[in-house]
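Under mature numbering (1 follows the signal peptide of the UniProt record, and there is no 0), read the sequence shown as residues -21 to -1, 1 to 598, first letter to last.
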Amino acid sequence: MNIHFFCCFFLSLSSFHVSLATRQRINPFSPKASLIRYWNTRVTNTVPIPHFLLAKASPLTPQHYAILNKLLNEKPKPYIPKLHQSLCSSPNLFCSFDDASDTHTLQRKNDDSNFAVYNNKHFANYGSSKVDGVDSFKNYSNGLNANNDAFRKYSDSSTRRAEQFKNYADNGNVANTNFSSYGSAAAQSSSDFNNYDKTVNVPNLGFTTYDSGSSNHKLSFASYGNETNSGSQSFSSYGKRVIGGTSEFTNYASDANILQSHFNNYGDFSAGAVNDSFKSYSFNGNNPRNDFKTYGAGSRGSAAENFISYRNRANVGDDSFQSYAARSKSGTATFANYGMSFNVGNDSFAEYGKGATGKSSFGFKSYGLGRAFKVYNKDGASFSGYRNISATSGRVVNKRVEPGKFFRESMMKEGNVILMPDIKDKMPARSFLPLAIASKLPFSSARIDEMRELFNAREGSSTERVIVNALGECEREASRGETKRCVASAEEMIEFAASVMGPSSVVRTTENVNGSGSSVMIGKVYPVDGGKVTKSVSCHQSLYPYLLYYCHSVPEVRVYEADILNVETKEKMNDGVAICHIDTSSWGPEHGAFLALGSGPGKIEVCHWIFENDMTWTT
């Protein structure tokens, strides 16, 4: 045994694994004691269960554990309301992503307001009938697991009023925000949503009768919903019966993953110089879905809608324009560089511009493949540079990849300075369920109704969306050469890793988050298994009410442990674990690693750190 391996092994035993004294203090009837016994029988090496894995075991008391077990074993089937009450009273579960943590309501206020570093409030009749001034929401509801904000009749009938939402709900987990009758009948006012809902995991936002009946009200959505994961935006009766005014959606939903936007009765019966602009909307998104239903119907005057670089370079996607600009007068709609995606999507234009009169015109410039026009106004429509091909040969560019997220294997050398990405876990703290509990709870698309009932998930709620997203991830087909499983108990994870790696596998993770988001120096490097190319099982968290991991086999990798040093003092501050994927031939050319490092599938190896609370199992 070489000295480096011995030092690393001793370090693992001292800092990563559970001591005998600690194990002796654990109640023998608790889920933690049960997990230790399971580890000792299924893992054949002499390494004790690591503390970071044991810490994820359920903190249920033996009494609560017994009550849940009894409820789940009731015949003919468990009584769900009682089961919900007992399960969701368990510690370290996050049963609802919809309930507000603060139901306090702020009523009408007549002064200028500055809400900095603020969260989870309900604003009813706030700022109504105010003249001049500004309200500022800066860094509002940032970094929360589940923020719930409601703005009801906000700025109603105000004049020359400005609202600013800057860095709103940034970096959150599940965002629930409702703007009901926002800005109704406002005159000569402006609303600015800048970096709104950025990098949120499951955004769920509703704008109901937003800006309805306003006059010359300017609305700006800049960098709205960017880099979000699987959310929903709803604009119902947005801008209805407005006179003049401008709405700008710039970089809306860029780089988002499966973001759904619904525009119902948007801009209906508006008059005057109403101008709406969608610029770089859904750019670089993954399967964006947008629905414009009766958008701009019955509008009159010189209303104009511009869709510039809309859904460009998106992967697939689905847009529906139903009764768009129908019965409008003297309006224009321009689609420039629309839908030039590298994977063909599906767009439907039903009754587009139908019944429009006056000098209405609709232009499509450089428009992509896979579009259906049903009952559209042939007199006012022009198709310039319509392409009956997709941009499959084009490369996705300008997609933002966090610096340091991917790197080459050559960087894993002592003395190198490397930028470590943000490896902090941003999901809510949860625990595994004991195997006896987790194995009896419904978890499949076939039992989705039981799952909704178990967690009181209303249709269209954020909790329902969390459930559906987790099912989608867990039930998708495995990639070529991949073996995968979602696990809701530590016992299931151990069993899956042993089935792939054998009973003598070892689990590792990065010890802490020190150095995250900054430049660090690589200290001593310890190649696992002597630096041989091997296989591993990687496990990543999924968002769900209880702790759920997506585990999958990863062939042909090298795994490294490394001392992470402070660049200035050279003092050790972390034990990092990195995995290098040697065979990248099955990865897509649009993978973020190739965008960050250059090259393409199968041409280079790609390395990344194991993030907080993620794990990798190796022989």
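For each residue, glycine too, the CB sits at the ideal point set by N, CA and C.
- Closest option to residue 548, judged by alpha-carbon separation, among 573, 502, 538, 73: 502.
- If you draw a straight line from the Cα of residue 76 to the Cα of residue 434, it is about 10 Å long.
- Residue 471 and residue 21 have their C-alpha atoms spaced approximately 11 Å apart.
- Residue 475 carries a helical assignment under DSSP once its states are collapsed to helix, strand and coil.
- For residue 537, there is no enclosing alpha helix (DSSP H); the residue is found in the beta strand (DSSP E) stretching over 527 to 544.
- Spatial neighbours of residue 589 in its own chain (CB-CB distance under 6 Å, excluding positions within 5 residues in sequence) are listed in chain order as 488, 489, 556, 595.
- With contacts defined as CB atoms closer than 8 Å, residue 476 and residue 516 qualify as a contacting pair.
- Exclusion of the five residues before and after residue 391 leaves 501, 504, 539, 541, 557, 559, 586 as the residues of its chain whose Cβ lies within less than 8 Å of its Cβ.
- Under the three-state reduction of DSSP output, residue 66 falls in the helix class.
- Counting along the chain, residue 10 sits inside the alpha helix (DSSP H) bounded by residues 10 to 21.
- Looking at 579, 405, 550, 30, the one whose alpha-carbon comes closest to that of residue 561 is 579.
- For a cut-off of 8 Å, the C-beta gap from residue 525 to residue 410 is around 7 Å, short enough to register as a contact.
- The continuous beta strand (DSSP E) containing residue 557 extends over residues 551 to 560.
- If you draw a 10 Å sphere on the C-beta of residue 35, you find 16 or more other C-beta atoms in it, and that means buried.
- Residue 592 counts as buried, since at least 16 other C-beta atoms from the protein chains shown sit within 10 angstroms of its C-beta.
- Runs of the beta strand (DSSP E) spanning 3 or more residues and lying entirely within the region 420 to 486 occur at 463 to 466, in chain order.
- Within a 10 Å sphere around the beta-carbon of residue 511 sit fewer than 16 other beta-carbons, which makes this residue exposed.
- The beta carbons of residue 584 and residue 388 sit closer together than 8 Å.
- By DSSP's assignment, residue 518 forms a beta bridge with 530, 594.
- Under the three-state reduction of DSSP, residue 72 is assigned to coil, being neither helix nor strand.
- The way I'd put it, the region 412 to 423 does touch the region 48 to 66; three or more beta-carbon pairs between them come closer than 8 Å.
- Inter-residue distance for residue 581 and residue 383 is about 20 Å (C-alpha atoms, whole angstroms).
- Under the criterion of beta carbons closer than 8 Å, residue 50 and residue 57 qualify as touching, at roughly 5 Å.
- Cβ atoms of residue 37 and residue 412 come within 8 Å of each other, at about 6 Å.
- Non-local C-beta neighbours of residue 482 in its own chain, meaning closer than 7 Å and more than five positions away in sequence, comprise 21, 22, 23, ordered along the chain.
- Within a 10 Å sphere around the beta-carbon of residue 478 sit fewer than 16 other beta-carbons, which makes this residue exposed.
- A straight-line Cα-Cα distance of about 36 Å links residue 464 and residue 395.
- Taking the C-beta atoms as reference points, residue 452 is found nearer than 8 Å to residue 521.
- Pairing residue 518 with residue 468, the inter-Cα distance amounts to about 12 Å.
- Distances from the alpha-carbon of residue 5 to those of 30, 440, 494 put 30 closest.
- For the set 495, 552, 71, 18, the Cα lying nearest the Cα of residue 403 is the one of 495.
- For residue 41, the uninterrupted alpha helix (DSSP H) segment begins and ends at 41 to 51.
- Assigned with DSSP and collapsed to three states, residue 391 falls in coil, not helix or strand.
- If the five residues before and after residue 70 are omitted, its C-beta is found closer than 6 Å to the C-beta atoms of 38, all from its own chain and listed in chain order.
- The beta carbon of residue 543 lies closer than 8 Å to those of 399, 493, 494, 499, 500, 501, 502, 551, 552, 553, 554, 555 in the same chain, with the five residues before and after it left out.
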